[in-house]
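Working notes, structure below.
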Ligand SMILES: Nc1ncnc2c1ncn2[C@@H]1O[C@H](COP(=O)(O)OP(=O)(O)O)[C@@H](O)[C@H]1O
Ligand SMILES: [Mg+2]
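Numbering (our numbering), first residue to last: 4 to 225.
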């Protein structure tokens, strides 16, 4: 299999700004094909470089996340010239949808697991880069699988960890505004339980600093 048209019955799952995702049957497996499409506004050579880099980089980070103890989809194939990744289709429900229909205790349980996983990534020097509840899937067995490492990086710095968690906070505020505070508390509870209070508090200090900087920039604009 080289190109998408050779895959049986590929069905579009999502057409995003950066990539298109298809669900397909590949060697009798249900898979997701993530294909990075050319961007006309970028010079051709640069565009190819960016797409190749992300196509290689994303599966590498997914692999490292597994090593860190965070579930991610199995990668079946990487095709750099075509900028596509073939990975396991994760059965389950997007955490974004799940949280809206869950009870308070279910929300707590899910968010604690999310916090634990983020702490495991950070402890391992991994930054997810796009922590939103759309990029997490709960399996029928209750595992939370993280996807979409396209904006991730290897970085041990407190600043990067703070930004990662700050982004999740913003995502919770905009997507789950009825109970974002409660969800964030549960996430931090899980995060602290893995990293320990001392290390976790340093990251929380960073989040506060990032927010102060944000407010300062806003005030200067007025
Ligand atoms: N392996 C997978 N199995 C099942 N669903 C997936 C898988 N990968 C992605 N998805 C779903 O598709 C959506 C878009 O994929 P994602 O990798 O986040 O692309 P984008 O960069 O466009 O956000 C995700 O939010 C997730 O719900
Ligand atoms: Mg995504």
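Glycine included, each C-beta is placed from N, C-alpha and C at the ideal position. Please read these numbers as outputs of a predicted model, since none were measured by experiment.
Taking the beta strand (DSSP E) that residue i falls in, what are its first and last residues?
i	result
residue 91	87-91
residue 33	32-39
residue 108	Not the beta strand (DSSP E): residue 108 falls in the alpha helix (DSSP H), residues 107-126.
residue 28	22-29
residue 141	139-141
Which residue from the options puts its Cα closest to that of residue i?
i	options	result
residue 65	161, 138 and 221	138
residue 173	126, 196, 37 and 135	135
residue 90	48, 52 and 148	148
residue 155	145, 167 and 213	167
residue 207	218, 192, 220 and 219	192
residue 116	87, 219, 188 and 38	188
residue 181	104, 83, 210 and 27	104
residue 31	68, 92 and 212	92
residue 163	23, 220, 96 and 212	212
residue 33	20, 179 and 79	79
residue 86	51, 97 and 95	51
residue 22	53, 159 and 29	53
residue 169	199, 202 and 217	217
residue 132	145, 152 and 113	152
residue 203	55, 94, 46 and 160	160
residue 55	68, 46, 43 and 39	39
residue 82	25, 112 and 37	37
Could you pull out every residue in the same chain whose Cβ sits closer than 6 Å to the Cβ of residue i, ignoring the five residues on either side in sequence?
i	result
residue 101	141
residue 222	none
residue 165	206, 209, 210 and 213
residue 5	Reliability fails at residue 5, whose pLDDT of 47 lies under 50, so the model's placement of it is uncertain and no value is given.
residue 199	none
Starting from residue i and walking both ways along the alpha helix (DSSP H), at which residues does that stretch end?
i	result
residue 3	Because the chain in this structure spans residues 4 to 225, residue 3 falls outside the shown range and cannot be described.
residue 52	47-71
residue 190	183-198
For residue i, I'd like the list of residues in its chain whose CB is within less than 7 Å of its CB, leaving aside the five on either flank, ordered along the chain.
i	result
residue 157	128 and 129
residue 42	50
Give me, in chain order, the residues of the same chain whose beta-carbon lies closer than 8 Å to that of residue i; leave out the 5 immediate sequence neighbours on both sides.
i	result
residue 118	189, 190, 191, 192, 193, 194, 195, 196 and 197
### Task
Count the CB pairs spanning the region 92-111 and the region 46-64 that are closer than 8 Å, and state whether there are at least three.
no
### Message
I want to know whether the region 69-82 touches the region 120-134 - three or more CB-CB distances under 8 Å.
### Response
yes
### For review: beta carbons within less than 5 Å of any heavy atom in ligand 3
This structure lacks ligand 3; the ligands present are ligand 1 and ligand 2.
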